[in-house]
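**Q** Questions regarding the structure given below will be posed in turn.
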Amino acid sequence: MSGFNSNNHYRSSRGSSKNNKIPNHWMNCPPIAISGIADTFVVFKTPLDYKYDNKIAIHKRFHPQMVFRHMFSYQQSIGLWIDLTNTTRYYNTSEIQNMGCAYEKIPCTGHGDLPNREIIELFFNICSNFLENNFSQFIGVHCTHGFNRTGFLIVSYLVEVLNFDVA
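Residues 1 to 167 (the UniProt record's numbering) are what the sequence shown spells out, left to right.
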């Protein structure tokens with residue numbers, strides 16, 4: 001089950017001078033939601049690994065393992081991590097997989113663009129396949145700031161797949 005296929009292209013800045021540029025407005029976004037959504041999803045902004053530490057005050061840092069610690073503090077766990085960013089520069093995915101968590105990359109363009117139907121269906125399929133056998137674990141979902149792409153896809157899933165009422 002992979003969100004990335006050879007027909008998709010996303011920016012990778014490995015090796016470039018932009019490799020550890022903090023995303024615009026990232027510092028002012030809350031790191032992680034206070035509670036889960038529908039006992040299924042936890043949302044957060046993209047974590048940044050240690051290569052960014054020299055540019056971020058200690059109290060503003062947000063590393064991948066902090067997501068797992070946050071969930072553990074509520075006696076919950078993340079079994080699937082979905083990355084909606086359009087780059088691979090923010091953290092090493094092995095950090096996620098080493099925590100025993102499945103990782104899926106669904107590269108989505110940000111900056112006000114809505115995910116297309118193909119991306120929406122891919123998100124639905126990945127989530128539904130995971131939830132068939134993992135109903136006690138959360139799905140962690142993030143885009144750069146944890147709002148637009150993340151919120152759109154989760155709300156779409158709640159309404160179209162889980163039949164949540166929008167009224």
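From the three backbone atoms N, C-alpha and C, an ideal C-beta is built for every residue, glycine too.
Whose CA, out of F138, F152, E160, T144, lies closest to the CA of A38?
**A** Per the Cα distances, F138.
**Q** On the three-pair Cβ rule with 8 Å, is the region 99-118 touching the region 24-35?
**A** The region 99-118, when compared against the region 24-35, does not touch it at the 8 Å Cβ threshold.
**Q** What is the DSSP secondary structure of C29, counted as helix, strand or coil?
**A** Three-state result, C29: coil.
**Q** So what's Y52 in DSSP terms, helix, strand or just coil?
**A** Here Y52 sits in helix by DSSP.
**Q** Any idea if F164 is buried or exposed, counting beta-carbon neighbours within 10 angstroms, 16 or more meaning buried?
**A** Per the 10 Å Cβ criterion, exposed.
**Q** For F62, collect the residues of the same chain with a Cβ closer than 6 Å to its Cβ; drop the 5 residues on either side in sequence, then sort them by chain order.
**A** The residues are P31, P47.
**Q** Can you say whether F41 is buried or exposed, counting buried as having 16 or more other CB atoms within 10 angstroms of its CB?
**A** F41 should be labelled buried.
**Q** Out of curiosity, what's the CA-to-CA distance linking M99 and N125?
**A** C-alpha separation (whole angstroms): 23 Å.
**Q** Quick check: the Cα distance between V166 and T150, rounded to an integer number of angstroms?
**A** Distance between the alpha carbons of V166 and T150: 17 Å.
**Q** Rounded to the nearest angstrom, how far is the Cβ of T93 from that of Y103, given a contact under 8 Å?
**A** Confirmed, Cβ separation roughly 5 Å.
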